[in-house]
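Colleague: Every letter in the sequence shown is one number past the one before it in numbering that gives the first Met the number 0, and letter 11, counting from 1, is 10. C-beta: ideal position from N, C-alpha, C; glycine also. If you're wondering where the values come from, they're calculated on a predicted model, not measured in any experiment.
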Amino acid sequence: MASDIQQIETIRSQTLAQLAELRAAPKPTYAIDGQSVSWTAYVESLQRTVDWCDAKLADGQPYEIRTQGTT
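(1) Identify the residues that DSSP records as bridge partners of residue 31: which are they?
(2) Leaving aside the five residues before and after residue 4 along the sequence, list all residues of the same chain whose C-beta is less than 8 angstroms from its C-beta, in chain order.
(3) Would you check if the region 37-48 and the region 13-24 touch, i.e. whether three or more CB-CB distances between them fall below 8 angstroms?
(4) Between which two residues does the alpha helix (DSSP H) containing residue 24 stretch?
(5) Expressed to the nearest angstrom, what Euclidean distance is found between the alpha-carbon atoms of residue 7 and residue 23?
(6) Looking only at its chain, what residues have a beta carbon closer than 7 angstroms to the beta carbon of residue 36, apart from the 5 residues adjacent to it on each side?
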């Protein structure tokens, strides 16, 4: 089973692929029979997913906190 980090990396990779496809061939926003499809909102949602993945991946990286003590 994949680790959490691997799953987040997979989600990020797949989302970036979807974004690339939508940006290569953008589609218009439209409404049919009372239902609307907003491709702009969908692209924004995908970008938020990538941002979330980036934040989670950054949280999983080792980090160093520097402090200085005085006496």
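Modeller: Looking at the coordinates:
(1) Beta-bridge pairing links residue 31 to 34.
(2) Within the same chain, residue 4 has close Cβ partners 56, 59.
(3) Yes, they touch.
(4) For residue 24, there is no enclosing alpha helix (DSSP H), since its DSSP letter is neither H nor E.
(5) Roughly 24 angstroms separates the two Cα atoms.
(6) Only 28, 29 meet the Cβ criterion.
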